[in-house]
Amino acid sequence: MTAHGERDEIDAPLAEQVAYYSARAHEYSETAIPDLPIDDLTRGRDAAIKALGEFRPTGDVLELACGPGTWTPLLLRHADSLTAVDASPEMIELARTTVPAGRVRFVHADVFGWEPDRRYDVVFFGFWLSHVPLERFENFWSLVDRCLRANGRVAFVDDAYGRLRS
């Protein structure tokens, strides 16, 4: 253990996640869930897109852990402004290619060490909650709360596919 003790034990898996996603950024979208039948993947994505459209993420929107920009263009359909945060610079570069230049403010930061510089009408994250260590779960939701304006809304997409395979 180091001077930080338990925190280092929690931070190590998070650092591994960032390294993993940075290394796989160039292929991630094509290989993220290789064992899932394409029909299931398409059905799930279509349902999530429909639900997000019905949710209508309007106003100032924050996307946490934006990854390769899978959800970023969909959020822009309704958002007045969009801020997208991710810990992997490689993923941010991919996300930049999914949207017109200048439409999104990208922030390279570890979600657990980042503090918002403003509040948002909507906070969204896709396939991130399943990556949050249980030891950080409460702190993560506190961050989400600090990011939201009064009457702000939260939307997220996630799955249990990885856990079901084990």
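The opening position of the sequence shown corresponds to residue -1 in the numbering used here, with each subsequent residue numbered one higher. We treat Cβ as the ideally placed atom computed from N, Cα and C, and that holds for glycine. Everything numeric in this text was worked out from a predicted model, so none of it was measured.
(1) Under 8 Å Cβ to Cβ from T233, same chain only, skipping five residues before and after it: list those, please.
(2) Counting only the same chain and skipping the five closest in sequence on each side, list residues whose C-beta sits under 8 Å from that of A23.
(3) Less than 6 Å between C-beta atoms, sequence neighbours within five positions excluded: which residues of the same chain meet that for F123?
(4) So, using beta-carbon positions, are A77 and G57 closer together than 8 Å?
(5) Specify the secondary structure class of F138 as computed by DSSP and reduced to three states.
(6) Can you list, in chain order, the residues of its chain with a C-beta nearer than 6 Å to that of Y26? Leave out the 5 residues immediately preceding and following it.
(7) Near F125, which residues of its chain fall below 6 Å by C-beta distance, leaving aside the five closest residues on each side in sequence?
(8) Per DSSP, what kind of secondary structure is T40 in: helix, strand or coil?
From the atom records:
(1) Absent from the structure is residue 233, since the part of the chain shown begins at -1 and ends at 164.
(2) Bear in mind that the predicted position of A23 carries a pLDDT of just 46, short of 50, making it unreliable; the figure below should be weighed with that in mind. Here the set comprises P66, S86, E88, M89, E91 and L92.
(3) Answer for F123: L62, A63 and F154, listed in chain order.
(4) Yes, the Cβ-Cβ distance between A77 and G57 is below 8 Å.
(5) Three-state result, F138: helix.
(6) Reliability fails at Y26, whose pLDDT of 48 lies under 50, so the model's placement of it is uncertain and the value that follows must be treated cautiously. Take Y26, set aside five residues on each side of it, and the residues of its chain with a beta-carbon closer than 6 Å to its own are P66, in chain order.
(7) Excluding five sequence positions before and after F125, the CB atoms of its chain that fall closer than 6 Å to its own CB belong to D156, given in chain order.
(8) For T40, the three-state secondary structure derived from DSSP is helix.
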